[in-house]
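Asker:
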Amino acid sequence: MQENHFTEGAPESHFNESLCASCQVNVYEPSYPINLCSDCRKSLIKYPIPKWIKFFALGILVVMVISLVRTQQYISAAVHLGKAENAIDQKHFVTAQRELNLVLNKFPKDFNANAYMMVASAYNFDFEAYQIAFDKVADIKTEDETLLKTVNAASEYIAQSFPKDTLMYKRIVAAAKDKEKLSALVDSTDEIVLKTHIANFLFETKDYDRVDGIVNKVLATDPNFYQALCLKTAVKRNTAKYDEALALCDRLLAFNAEDIYILSQKARIELKRKHDRAAAVFASKALALDPENDSAIEAMAMVDYFAGRKKESLASLAKIKTHETHSGDSTISKRLSPIILGSEIYR
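In my numbering, the protein residues as written are 30 to 376.
#1: Relative to the C-alpha of serine 345, which residue among Lys208, Ala336, Ser362 and Phe44 is closest?
#2: Report the three-state DSSP secondary structure of leucine 316 (helix, strand or coil).
#3: Just to confirm before moving on: does the CB-CB distance between tyrosine 290 and valine 264 stay below 7 angstroms?
#4: Would you kindly work out how many angstroms separate the C-alpha atoms of leucine 316 and alanine 149, rounded to a whole number?
#5: If you run the structure through DSSP and keep just helix, strand and coil, what is valine 54?
#6: Return the CA-CA distance between threonine 262 and tyrosine 103, expressed in angstroms with no decimal places.
#7: For the alpha helix (DSSP H) containing leucine 258, list its first residue and its last residue.
#8: Hey, out of Asn153, Lys120, Lys193 and Thr360, whose CA is closest to phenylalanine 232's CA?
#9: In this structure, what does DSSP give as the bridge partners for leucine 48?
#10: For phenylalanine 254, which option in Val166, Val222 and Asp279 has the closest C-alpha, if you only look at C-alpha atoms?
#11: Checking 7 angstroms against the spacing of the C-beta atoms, do leucine 129 and tyrosine 145 come in under that value?
#12: In the DSSP assignment, find the alpha helix (DSSP H) that holds glycine 242 and state where it starts and stops.
#13: For the alpha helix (DSSP H) containing isoleucine 326, name the first residue and the last one.
#14: Could you tell me the boundaries of the alpha helix (DSSP H) in which leucine 370 lies?
#15: Would you kindly work out how many angstroms separate the C-alpha atoms of glycine 111 and leucine 177, rounded to a whole number?
#16: Would you mind giving the Cβ-Cβ distance between lysine 162 and asparagine 143, rounded to the nearest angstrom? I have them listed as a contact below 8 angstroms.
#17: Let me know the beta strand (DSSP E) ranges lying completely inside the stretch 141–190, each 3 residues or longer, listed in chain order.
Dropping the structure here:
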């Protein structure tokens with residue numbers, strides 16, 4: 030029997046074009062590009078593919094899949110980075126930080142993403158996120174002057190929270206419950222952040238005139254000092270100067286349109302003057318930005334309480350207390366508890 034090997038066809042001088050191009054014995058099957066008989070065609074189809082070709086093809090397939098996945102990741106990261114940049118331009122820093130987290134989850138060392146994270150976290154006063162991003166870009170130089178200027182401005186903004194004189198800060202904390210000692214310490218420091226800390230402790234004594242006087246001196250030095258402006262909104266709220274309080278809040282929202290604390294403060298101000306519907310809008314907006322933020326939860330708890338939804342307000346208080354077991358800061362629950370438990374008249 031003649032073997033069916035295409036490479037062993039008849040010599041060219043005796044090649045018969047009317048027969049199979051491989052065996053030159055049988056008549057070829059019509060309607061195919063290559064003139065082969067049925068037996069030769071089946072034999073060639075069943076011819077085993079060498080393993081090295083299979084492995085090579087598999088390798089190419091793996092590379093293509095990896096490339097496709099990486100390409101999708103790059104595209105996705107670029108989209109989220111673009112959204113973050115737009116959010117920063119609009120001063121929507123909570124949104125920006127959320128988008129940047131999506132980028133950094135895939136590319137944790139990306140310079141631009143970390144630089145923008147420094148900006149967003151600074152205006153959100155997220156010290157941990159700021160420090161992580163800072164550590165990743167601190168030793169990297171950039172020629173992007175616009176980005177560098179933006180990062181430096183944000184760094185200065187967050188730096189205002191940190192006192193330089195730590196010994197004086199400890200003295201202030203030690204005197205936190207002594208009104209006379211606190212008052213005496215005001216003129217013992219030139220640092221406006223320390224003066225604001227003193228005013229914050231005095232706020233608990235309800236000496237609003239004294240607090241307002243200290244805050245005004247701070248703002249005379251730095252009209253945009255965040256902590257002082259926040260404290261002044263609380264003073265205006267508790268002295269029934271609601272329009273002034275809301276105007277101060279809007280002034281702060283000009284720095285960060287998604288400042289959850291300030292949106293929550295606006296809710297508390299509106300509740301104070303019995304504008305419950307407006308308060309609910311601000312509380313809902315704050316909670317939508319971050320459902321786990323204690324200031325937002327507090328605002329919604331108060332909205333629920335004054336709307337007669339005591340069960341919901343107590344659940345919010347319990348959630349805040351759970352968070353406080355991890356943070357160690359019970360400031361919010363201490364001021365919220367008397368209100369929704371009925372021992373303090375808020376309005």
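We put the beta carbon where it would ideally sit given N, CA and C, even for glycine.
Answerer: A quick look at the data gives this:
#1: What you label residue 345 is simply residue 316 of the sequence shown in a count that begins at 1. It is Ser362.
#2: Against the sequence shown, residue 316 aligns to sequence position 287. Three-state result, leucine 316: helix.
#3: Counted from its first residue, the sequence shown places residue 290 at position 261. Counted from its first residue, the sequence shown places residue 264 at position 235. Not in contact: tyrosine 290 and valine 264 (Cβ atoms no closer than 7 angstroms).
#4: Stepping through the sequence shown from its first residue, residue 316 is reached at position 287. Stepping through the sequence shown from its first residue, residue 149 is reached at position 120. Distance between the alpha carbons of leucine 316 and alanine 149: 19 angstroms.
#5: Numbered from 1 along the sequence shown, position 25 holds the residue referred to as residue 54. If DSSP states are grouped into helix, strand and coil, valine 54 belongs with coil.
#6: For the purposes of this step, residue 262 is taken as residue 233 along the sequence shown, with counting starting at 1. For the purposes of this step, residue 103 is taken as residue 74 along the sequence shown, with counting starting at 1. Going from the Cα of threonine 262 to the Cα of tyrosine 103 covers about 44 angstroms.
#7: The count along the sequence shown starts at 1 and reaches residue 258 at position 229. 255–267 is the extent of the alpha helix (DSSP H) around leucine 258.
#8: Taking the sequence shown and counting its residues from 1, one reaches residue 232 at position 203. Nearest of Asn153, Lys120, Lys193 and Thr360 to phenylalanine 232, Cα basis: Thr360.
#9: Locating residue 48 in the sequence shown gives position 19, where the first residue counts as 1. According to DSSP, which records beta bridges pairwise, leucine 48 is partnered with Val56.
#10: Counting from one through the sequence shown, the residue named residue 254 turns up at place 225. Comparing Cα-Cα distances from phenylalanine 254 to each of Val166, Val222 and Asp279, the minimum goes to Val222.
#11: Translated into positions along the sequence shown, residue 129 becomes position 100. Translated into positions along the sequence shown, residue 145 becomes position 116. Yes, they are a contact pair.
#12: Stepping through the sequence shown from its first residue, residue 242 is reached at position 213. Note, glycine 242: alpha helix (DSSP H), 237–250.
#13: Your numbering for residue 326 matches position 297 in the sequence shown. 323–335 is the span of the alpha helix (DSSP H), which, as asked, contains isoleucine 326.
#14: As a first step, residue 370 is located in the sequence shown; it is residue number 341 there, counting from the start. That residue, leucine 370, is in no alpha helix (DSSP H); it is neither H nor E in DSSP.
#15: Position 82 of the sequence shown, counting from 1, holds the residue named residue 111. Position 148 of the sequence shown, counting from 1, holds the residue named residue 177. Rounded to the nearest angstrom, the two C-alpha atoms are 18 angstroms apart.
#16: Taking the first residue of the sequence shown as 1, we reach residue 162 at position 133. Taking the first residue of the sequence shown as 1, we reach residue 143 at position 114. Per the sequence shown, the amino acid found at residue 162 is alanine instead of lysine. The Cβ separation is near 4 angstroms, so the contact holds.
#17: none
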